[in-house]
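What the sequence shown shows, in this note's numbering, is residues 102 to 354, in sequence order.
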Amino acid sequence: MTRADHILLLAGTFEARQLAKQLADRFTGVRVMASFAGIVKDLPDLGVPTRVGGFGGIAGLSDFLRSEDVTLVIDATHPFAAQMSRNASEACRTLRLPLIRLERPAWTALPDDDWILFDSMRDAAQALPAHARAFLAVGRKEIGQFTWREDICCLARMIEAPQQPLPAGWDLILRRPPQSSSEEADLLRKHGITHVVTKNSGGERSYAKIEAARSLKLPVLMIDRPQLPEAETAPDLTGVLKKAQELMDRKKF
Ligand code: NAP
Numbered sequence: 102m103t104r105a106d107h108i109l110l111l112a113g114t115f116e117a118r119q120l121a122k123q124l125a126d127r128f129t130g131v132r133v134m135a136s137f138a139g140i141v142k143d144l145p146d147l148g149v150p151t152r153v154g155g156f157g158g159i160a161g162l163s164d165f166l167r168s169e170d171v172t173l174v175i176d177a178t179h180p181f182a183a184q185m186s187r188n189a190s191e192a193c194r195t196l197r198l199p200l201i202r203l204e205r206p207a208w209t210a211l212p213d214d215d216w217i218l219f220d221s222m223r224d225a226a227q228a229l230p231a232h233a234r235a236f237l238a239v240g241r242k243e244i245g246q247f248t249w250r251e252d253i254c255c256l257a258r259m260i261e262a263p264q265q266p267l268p269a270g271w272d273l274i275l276r277r278p279p280q281s282s283s284e285e286a287d288l289l290r291k292h293g294i295t296h297v298v299t300k301n302s303g304g305e306r307s308y309a310k311i312e313a314a315r316s317l318k319l320p321v322l323m324i325d326r327p328q329l330p331e332a333e334t335a336p337d338l339t340g341v342l343k344k345a346q347e348l349m350d351r352k353k354f
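Shown next, in the form of structure tokens:
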């Protein structure tokens, strides 16, 4: 690789934080730039140059990739950040740039789990029975899919507050998910939760609520991942680094 080589890391996940450092350590002499959507205010310092905010769709991203001489894009966004992943896929396809997508494996139900699977938030919202007291582990953009249900009462947890206030009687917790299943179980018990609603994000960092639901024998309304375009994928950091190394070796730098 030459000094001009430039990796764009699409961030917004815990893995992206780790990747930024590992890419910079491993590929010395290569520029690594991280990109955040800028929705969350307390952005972590990834230790590499960082830009914040949308690119402006596929066209804006393509302009950015060209003007910054990006030679490799690593998509380490959340599995539900489908728009960004689709844009990255299309821009890289058009510009013939290599793209590696970090795709952490989805959760799968264990024998003691009571899961009901849904393709969309809206379907999950419709399926909640009247008078349910649901724990909604969904984001600020998604909570509006549930607030029309005047016959249920919910506890919602997210990182940034939603734009619209929640219905009267609903509770809101603004924080990242804890990693202790007993802490999650205490929360579900304290709020008298009857159903847990979650995206199938995969990974360990937000799995505690699934374990808690299992221990309390609560049904989980599990929302399936959005479909993404075909891409070179890796399930973890090691896989991404290996594929990035292979790409760079092929260029014989
Ligand atoms: P999204 O729906 O796929 O993206 C919406 C728009 O936000 C994109 O079209 C892009 O705007 C901009 N964007 C998203 N990620 C970006 C990035 N890394 N750098 C620059 N611009 C970005 O994504 P989302 O679901 O709103 O998620 C936003 C961010 O939060 C992502 O980075 C994601 O990794 C993180 N996150 C999402 C979830 C989730 O459940 N969705 C959970 C945890 C973290 P332009 O079209 O203008 O380029």
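C-beta: ideal position from N, C-alpha, C; glycine also.
Proximity test, residue i beta-carbon vs ligand 1 heavy atom, cut-off 6 Å
{"i": "Phe-181", "result": "yes"}
{"i": "Gly-270", "result": "no"}
{"i": "Met-185", "result": "yes"}
{"i": "Ile-324", "result": "no"}
{"i": "Phe-165", "result": "no"}
Beta carbon proximity, residue i to chain C, threshold 7 Å
{"i": "Arg-152", "result": "Among the chains in the structure shown there is no chain C, since it carries only a single protein chain."}
Beta-carbon proximity list for residue i, same chain, < 7 Å, skipping 5 on both sides
{"i": "Pro-320", "result": "Asp-215, Ile-217, His-296"}
{"i": "Gln-280", "result": "Arg-306, Ala-309"}
{"i": "Val-171", "result": "His-107, Leu-109, Leu-198"}
{"i": "Ser-186", "result": "Asp-176, Thr-178, Arg-202, Leu-329"}
Contacts around residue i, its chain only, beta-carbon distance under 6 Å, and the 5 residues preceding and following it disregarded
{"i": "Gly-154", "result": "Gly-139"}
Counted within 10 angstroms of its Cβ, other Cβ atoms place residue i as buried (16 or more) or exposed
{"i": "Ile-274", "result": "exposed"}
{"i": "His-179", "result": "buried"}
{"i": "Ala-189", "result": "buried"}
{"i": "Gln-328", "result": "exposed"}
{"i": "Val-341", "result": "buried"}
{"i": "Ala-286", "result": "buried"}
Extent of the continuous beta strand (DSSP E) to which residue i belongs
{"i": "Thr-299", "result": "296-300"}
{"i": "Val-149", "result": "Neither: Val-149 is in no beta strand (DSSP E) and is coded neither H nor E."}
{"i": "Gln-176", "result": "It should be pointed out that residue 176 corresponds to Asp in this sequence rather than to Gln. 173-176 is the extent of the beta strand (DSSP E) around Asp-176."}
Boundaries of the alpha helix (DSSP H) in which residue i is found, first to last residue
{"i": "Arg-202", "result": "Here Arg-202 belongs to no alpha helix (DSSP H); instead the beta strand (DSSP E) covers 200-203."}
{"i": "Phe-165", "result": "158-168"}
Cβ neighbours of residue i in the same chain (closer than 8 Å, five flanking residues each side left out)
{"i": "Ala-121", "result": "Leu-110, Ala-112, Val-133, Ala-135, Leu-147, Gly-148, Val-149"}
{"i": "Glu-55", "result": "Residue 55 is absent from the structure shown; the chain starts at 102 and stops at 354."}
{"i": "Asp-350", "result": "none"}
Closer than 6 Å: residue i CB and nearest ligand 3 heavy atom
{"i": "Phe-247", "result": "You won't find ligand 3 in this model; what it holds is ligand 1."}
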